[in-house]
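Chains as they are written, first to last, in the numbering used here: chain A, 1 to 306; chain B, 307 to 578.
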């Protein structure tokens with residue numbers, strides 16, 4: 001069935017259909033530049049990528065290999081490292097960051113709090129930096145005799161310097177600290193916006209009923225914020241799956257492969273070593289599949305919210 | 307709640323927020339202090355101001371053609387922002403104002419494609435760009451980002467609040483559709499454009515991976531590429547790096563303080 005177009009100015013039937021026809025043309029004219037560009041720079045590369053993921057060979061010397069690349073994934077230790085690291089990053093980092101952002105947001109939602117604006121701006125400020133710039137900045141702070149170790153030792157939190165750049169475990173911790181610094185304030189403003197939309201009378205009622213502050217937080221605030229929390233978790237996880245700038249500029253994936261991520265591995269496969277386009281396209285489809293699963297979850301949540 | 311427990315609670319709140327503020331702000335302080343120290347002092351964690359700022363700036367100027375680098379970054383960001391806003395707001399307006407069954411389907415498909423990671427595109431995009439002879443050109447950096455599903459979606463959402471009477475009145479006055487867009491819609495949606503400008507400008511100014519792939523020669527380098535190259539040196543000169551970091555951060559920092567409200571609105575809207 002064709003959609004009916006309502007003409008705002010009334011008029012005869014033929015005039016109306018003429019306008020409906022014009023509407024069609026205008027609609028296409030407005031969206032066409034964007035659709036053409038998206039077709040060339042998004043849809044075509046995705047399909048092409050799928051095609052080259054079935055090719056094997058080095059450089060431009062490619063031939064059809066069927067599922068050879070997918071089988072190669074399972075035996076590729078570097079790939080398995082990159083996959084594990086990427087998962088470690090989001091499994092550990094996202095919950096820590098979400099919890100911190102939530103705590104800050106709830107604290108800052110108190111209208112009587114003195115200095116609220118200053119705290120809010122300060123915690124949000126890291127979002128203003130570019131990923132490369134803050135990575136360089138963090139790189140300069142985590143030397144073994146550097147400012148972070150000095151500070152931690154002055155506070156008696158550690159007895160001797162941590163080898164942030166050369167120890168595989170602490171290198172991961174450093175990347176997690178860096179990402180948390182950059183993105184906590186970003187998540188916080190989502191929670192602050194959501195908290196401001198909560199009807200305060202619910203809290204009044206709870207207070208009058210004698211429900212203590214802690215219970216109000218867990219039984220009221222958290223359930224009310226659940227959609228936003230899930231939403232930001234998924235956004236952050238998708239972001240972490242694509243982690244590149246930080247690891248490339250703080251650790252170059254090292255020491256060894258300790259902080260290598262999937263995106264960095266794809267980059268290395270394509271541009272650092274003798275390029276094997278087919279295989280790097282296959283690795284990139286691993287990210288596509290992971291992101292697709294998460295986006296589907298997000299879609300389910302969004303539908304739930306309505 | 308008793309008086310003492312209230313005081314304890316505020317003591318906890320202030321300690322947590324002060325600690326968070328310190329951790330958030332300290333790297334900025336470190337960036338400024340570090341720019342005045344030698345690399346050896348930075349590596350040793352010196353937290354007081356030194357007298358090495360001019361020497362650091364001088365060495366940065368020796369290594370890179372800073373004026374050119376800045377111009378490259380700014381040019382790419384401005385051109386990218388203008389084109390993205392134009393093309394994507396046109397589409398957002400078009401999808402919302404002229405609805406048809408097939409365009410709704412296309413829009414739904416676009417939303418599905420919204421989360422395609424760039425990692426999946428970079429190999430074919432690189433091959434496409436090289437075989438079109440566009441490797442090492444600014445055009446190749448800007449072109450793939452002009453039609454942003456993100457921004458199209460953002461404008462479509464915002465267009466829902468655009469009063470239909472304004473458009474009807476303009477039609478009765480005999481304005482053509484593109485004139486309505488240009489003279490009625492764009493001025494009326496100033497704040498949407500402001501927020502979108504901030505998102506897109508931030509994205510292009512800070513863009514790293516795609517320029518890293520496309521731009522190879524020194525005269526095409528952007529500020530993010532320069533910082534990355536300086537950092538990946540075998541013994542990085544941190545004094546120089548931190549000067550470059552300040553220069554890269556300054557434009558977005560100023561943008562944030564001047565347009566704080568639109569900045570936050572843009573951040574919130576960008577993923578809604």
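Yeah, the Cβ is synthetic: ideal placement off N, Cα and C, and Gly gets one too. Just so we're clear, the structure is a prediction, and the values are computed from it rather than from any experiment.
Please state the DSSP three-state secondary structure of residue 370 of chain B.
In the second chain, counting from the first residue as 1, residue 370 of chain B sits at position 64. Looking at residue 370 of chain B - three-state DSSP - the assignment turns out to be coil, as it is neither helix nor strand.
Given 8 Å as the limit, is there contact between the stretch 487-507 of chain B and the stretch 387-395 of chain B, that is, 3 or more CB pairs closer than that?
Enough Cβ pairs lie closer than 8 Å, so yes.
Chain A contact residues for residue 501 of chain B, given Cβ-Cβ distances below 7 Å:
Along the second chain, read from residue 1 onward, the residue named residue 501 of chain B stands at position 195. Neighbours of residue 501 of chain B on chain A: none; closest Cβ ~13 Å, over 7 Å.
Going along the chain, which residues of its own chain have a beta-carbon closer than 6 Å to the beta-carbon of residue 310 of chain B, five neighbours each way excluded?
The residue given as residue 310 of chain B occupies position 4 in the second chain. Taken in chain order, the list of residues that qualify is empty.
For the structure I just gave you, are there three or more beta carbon pairs, one from the stretch 244-261 of chain A and one from the stretch 201-212 of chain A, closer than 8 Å?
In short, these stretches do not touch, since the Cβ pair count stays below three.
Give a yes or no on whether the minimum CB-CB distance between residue 107 of chain A and chain B is below 8 Å.
In the first chain, the residue the question calls residue 107 of chain A occupies position 107. Yes, residue 107 of chain A lies at the interface with chain B (some Cβ there is under 8 Å from its Cβ).
Does the beta-carbon distance from residue 451 of chain B to residue 510 of chain B come in below 8 Å?
For the purposes of this step, residue 451 of chain B is taken as residue 145 along the second chain, with counting starting at 1. For the purposes of this step, residue 510 of chain B is taken as residue 204 along the second chain, with counting starting at 1. One thing to note: residue 451 of chain B has its Cβ within 8 Å of the Cβ of residue 510 of chain B.
So, for residue 83 of chain A: in the same chain, excluding its five sequence neighbours on each side, which residues have a beta-carbon less than 8 Å away from its beta-carbon?
On the first chain, residue 83 of chain A is found 83 positions in, with the first residue counted as 1. For residue 83 of chain A, same chain residues with a beta-carbon under 8 Å away, outside a window of 5 residues either side, are 262, 286 in chain order.
is_contact[residue 564 of chain B, chain A] using C-beta, thresh 8 Å:
As a position in the second chain, residue 564 of chain B is number 258, starting the count at 1. The beta carbon of residue 564 of chain B does not come within 8 Å of any beta carbon belonging to chain A, so the residue lies off that interface.
Name the chain A residues whose beta carbon is nearer than 8 Å to that of residue 507 of chain B?
The sequence position of residue 507 of chain B within the second chain is 201, counting from 1. Near residue 507 of chain B there are no residues of chain A at all, since even the closest Cβ is about 12 Å away, more than 8 Å.
Could you tell me the distance, in whole angstroms, from the CA atom of residue 396 of chain B to the CA atom of residue 406 of chain B?
To locate residue 396 of chain B, count along the second chain from 1; it is residue 90. To locate residue 406 of chain B, count along the second chain from 1; it is residue 100. The straight-line gap from Cα to Cα measures roughly 16 Å.
Would you please state the rounded distance, in angstroms, between the beta carbons of residue 98 of chain A and residue 187 of chain A? I believe it to be under 8 Å.
For the purposes of this step, residue 98 of chain A is taken as residue 98 along the first chain, with counting starting at 1. For the purposes of this step, residue 187 of chain A is taken as residue 187 along the first chain, with counting starting at 1. That pair is a contact at about 6 Å.
Would you verify that the beta carbon of residue 512 of chain B is, or is not, closer than 8 Å to some beta carbon of chain A?
Counted from its first residue, the second chain places residue 512 of chain B at position 206. Answer yes: the Cβ-Cβ gap between residue 512 of chain B and chain A drops below 8 Å somewhere.
Residue 343 of chain B versus residue 351 of chain B: straight-line alpha-carbon distance, rounded
Stepping through the second chain from its first residue, residue 343 of chain B is reached at position 37. Stepping through the second chain from its first residue, residue 351 of chain B is reached at position 45. Distance between the alpha carbons of residue 343 of chain B and residue 351 of chain B: 10 Å.
If we cut at 8 Å on Cβ distances, does residue 533 of chain B have a partner in chain A?
On the second chain, position 227 is the one that residue 533 of chain B refers to. Using beta-carbon distances, residue 533 of chain B counts as an interface residue toward chain A, with a partner under 8 Å.
Could you compute how far the alpha carbon of residue 355 of chain B sits from the alpha carbon of residue 338 of chain B?
One-based indexing of the second chain puts residue 355 of chain B at position 49. One-based indexing of the second chain puts residue 338 of chain B at position 32. Residue 355 of chain B and residue 338 of chain B: Cα-Cα distance of roughly 8 Å.
Quick one: Cα of residue 8 of chain A to Cα of residue 238 of chain A, how far?
As a first step, residue 8 of chain A must be located in the first chain, where it is residue number 8. As a first step, residue 238 of chain A must be located in the first chain, where it is residue number 238. Unreliable placement is indicated for residue 8 of chain A, whose pLDDT of 46 sits below 50; no coordinate value is reported for it.
Does any residue of chain A have a CB that is nearer than 8 Å to the CB of residue 347 of chain B?
To locate residue 347 of chain B, count along the second chain from 1; it is residue 41. Closer than 8 Å: no.
Which of helix, strand or coil DSSP assigns to residue 242 of chain A:
The residue you call residue 242 of chain A lines up with position 242 of the first chain. It is coil, neither helix nor strand.
Taking only beta-carbon atoms, is residue 409 of chain B less than 8 Å away from chain A?
Your numbering for residue 409 of chain B matches position 103 in the second chain. Yes, its Cβ sits closer than 8 Å to a Cβ of chain A.
Three or more C-beta pairs under 8 Å: does that hold for the stretch 561-571 of chain B against the stretch 144-153 of chain A?
Result no; under three Cβ-Cβ pairs closer than 8 Å.
Closest by C-alpha distance to residue 117 of chain A, when choosing among B:472, B:327, B:549, B:442
By 1-based counting over the first chain, the position of residue 117 of chain A is 117. Among B:472, B:327, B:549, B:442, the Cα nearest to that of residue 117 of chain A belongs to B:327.
For the stretch 417-424 of chain B against the stretch 476-494 of chain B, do three or more pairs of beta-carbon atoms, one drawn from each stretch, fall closer than 8 Å, so that the two count as touching?
At 8 Å Cβ cutoff, the stretches do not touch.
Which residue marks the beginning of the alpha helix (DSSP H) containing residue 159 of chain A, and which one marks its end?
One-based indexing of the first chain puts residue 159 of chain A at position 159. In the DSSP assignment, residue 159 of chain A falls outside any alpha helix (DSSP H) and carries neither an H nor an E.
So residue 312 of chain A contacts chain B; which residues on that side make the cut at Cβ distance below 7 Å?
Lying outside 1 to 306, the shown extent of chain A, residue 312 of chain A is not represented and no answer is given.
According to the neighbour-count rule (16 or more other Cβ atoms, all chains shown, within 10 Å of its Cβ), is residue 318 of chain B buried or exposed?
As a working mapping, residue 318 of chain B is identified with position 12 in the second chain. Burial call: exposed.
Run through the DSSP bridge pairs and tell me what residue 55 of chain A is partnered with.
As a first step, residue 55 of chain A must be located in the first chain, where it is residue number 55. Paired residue(s): A:64.
Classify residue 499 of chain B as helix, strand or coil using the three-state DSSP reduction.
Taking the first residue of the second chain as 1, we reach residue 499 of chain B at position 193. In the structure shown, residue 499 of chain B sits in a helix (DSSP, three-state: H, G or I).
Excluding sequence positions up to five away, which residues of its chain have a Cβ less than 7 Å from the Cβ of residue 119 of chain A?
Counted from its first residue, the first chain places residue 119 of chain A at position 119. Closer than 7 Å at Cβ, skipping near neighbours: 108.
State the DSSP-derived secondary structure class of residue 277 of chain A, mapped to helix, strand or coil.
Against the first chain, residue 277 of chain A aligns to sequence position 277. Under the three-state reduction of DSSP, residue 277 of chain A is assigned to helix.
At a CB-CB cut-off below 8 Å, which residues of chain A make contact with residue 431 of chain B?
Mapped onto the second chain, residue 431 of chain B falls at position 125. At a C-beta separation below 8 Å, residue 431 of chain B has these neighbours in chain A: 41, 45.
Buried or exposed: residue 437 of chain B, going by 16 or more other Cβ atoms within 10 Å of its Cβ?
Mapped onto the second chain, residue 437 of chain B falls at position 131. Classification of residue 437 of chain B: exposed, given that the 10 Å Cβ count is below 16.
Start and end residues, alpha helix (DSSP H) containing residue 93 of chain A
Within the first chain, numbered from 1, the residue matching residue 93 of chain A stands at position 93. Note, residue 93 of chain A: alpha helix (DSSP H), 77-108.
Test item: CB-CB of residue 402 of chain B and residue 498 of chain B under 8 Å
By one-based count along the second chain, residue 402 of chain B stands at place 96. By one-based count along the second chain, residue 498 of chain B stands at place 192. No; because the gap between Cβ atoms is not below 8 Å, this pair is not in contact.
If you reduce the DSSP assignment to three classes, tell me which class residue 412 of chain B lands in.
As a working mapping, residue 412 of chain B is identified with position 106 in the second chain. DSSP places residue 412 of chain B in helix when its eight states are reduced to three.
Under 7 Å between beta-carbons, which chain A residues line up against residue 421 of chain B? List them in chain order, please.
For this step, residue 421 of chain B is matched to residue 115 along the second chain. Residues of chain A passing the Cβ test: 238, 291, 295.
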